[in-house]
Amino acid sequence: MPAWMARMVGRIDEATIEDLLPRPALSAPQVARRSAVLMLFGDGASGPDLLLTARASTLRSHAGQPAFPGGKQDGDEDPVATALREGNEETGLDPSSVTPAALFPDLFLGVTGFLVSPVLAYWRVPGPVGPVDLAETASVARVPVAELADPARRGRVRHPSGYVGPAFEVADMVVWGFTAGLVEVLLDLGDWSVPWDPHRYIDLPDLSESLPDPEAGHLGDDDDRPPPVGSGPPQAPETAVQGTKRPMGSP
């Protein structure tokens, strides 16, 4: 594991939940649908990079939205197994080439009812990746950290629900919502953040008939999603932080 990755893991060990994700504390229900996302870093030609996907534009909800690979937990899977399986199913990556490094605190997404476990991992032996099923995934990109940190590519978005949050213009897509919030945290943990203009607003792409939930990310089968935010009255996104950072291998 390279020094920059080890440094990130060490900082997660030392950080509090509020340091990682400063969001309002809301209570997660006793029973919530569990899911995981894979935050996979590799060594690319331009330095460290991060694996991102874009959902197919034909999906009924969250169409075209950038996301980390991820989805619902199956049976008694742990978060790492879920994240690696979803990464393989969506992008074709070889799970044996990935070293899981740390688990972020679980995040409860109130609109979707999912309890999400973000899994930080290192891609020891990067291989070819791409959409496995174009009906679900439109594109897969290894985005250089240098591009994510570039002030010219950073800004904020406004969602019709009232949500205002970070955004990144990279790989021919606008990364925003839940995914962009995690990217922002990762840049801070890796000491990659540089000053940028928080008053610069980035236009959201054409979202056609429905608007994706800004807090939902990519969390499971399309049919298992609630109605998109745009189909009901505007509301502020709800996210709760639950638990603490767990060392790899702990339940």
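Heads up, the sequence shown stops at 426 in our numbering, and the numbers go up one at a time, no gaps. Backbone N, C-alpha and C define an ideal beta-carbon position, used for all residues, glycine too. None of these values were measured; they are calculated from a predicted model.
Helix, strand or coil, according to DSSP, for E311 in the structure here? coil
Look at the alpha carbon of L334 and the alpha carbon of F279, and state the distance between them as a whole number of angstroms. Strictly speaking, residue 334 in this sequence is His, with Leu absent from that position. Cα-Cα distance, rounded: 26 Å.
How big is the Cα-Cα spacing for F289 and A178? 33 Å
Indicate the three-state DSSP secondary structure (helix, strand or coil) for P270 in the structure shown. helix
Starting from A238 and walking both ways along the alpha helix (DSSP H), at which residues does that stretch end? Segment: none, A238 is in no alpha helix (DSSP H) and carries neither H nor E.
To the nearest angstrom, report how far apart I187 and A211 are at their CA atoms. 17 Å
Can you look up G340 in the DSSP assignment and give me helix, strand or coil? strand
Determine the direct distance from the alpha carbon of P301 to that of D366, and round the result to whole angstroms. 23 Å
Taking DSSP's pairing of strands, which residues face A316 in a bridge? L227
Assigned secondary structure, P254 (DSSP; H/G/I helix, E/B strand, else coil): helix
Helix, strand or coil, according to DSSP, for D363 in the structure here? helix
Length of the line joining the Cα atoms of G340 and A355: 8 Å
Going by DSSP in three states, L234 sits in which element: helix, strand or coil? coil
What distance in whole Å lies between the Cβ atoms of L259 and P270, which are believed to be in contact at a cut-off of 8 Å? 4 Å
Tell me whether V369 is buried or exposed, calling it buried when 16 or more other Cβ atoms sit within 10 Å of its Cβ. exposed
For F353, does the three-state DSSP call read helix, strand or coil? helix
Please say whether G222 and P303 have beta carbons closer to each other than 8 Å? no
Taking DSSP as the reference, what is the three-state secondary structure of M183? helix
Could you check the C-alpha separation between L295 and V358 for me, to the nearest Å? 11 Å
So who's on the other strand from W298, going by DSSP bridges? V273
If you follow the beta strand (DSSP E) that M176 is in, where does it begin and where does it stop? Note, M176: premise wrong, no beta strand (DSSP E); not H, not E.
Helix, strand or coil for L394? Go by DSSP, reduced to three states. In this predicted model, L394 has a pLDDT of only 45, less than 50, meaning its place in the structure is not dependable; the value taken from the coordinates is given anyway. Note: L394 maps to coil in three-state DSSP.
Starting from D218, trace the beta strand (DSSP E) in both directions and tell me its first and last residue. R208 to G219
Nearest candidate by alpha-carbon position, reference P244, set D253, P306 and R331: P306
What is the rounded straight-line gap between the Cα of W298 and the Cα of G185? 18 Å
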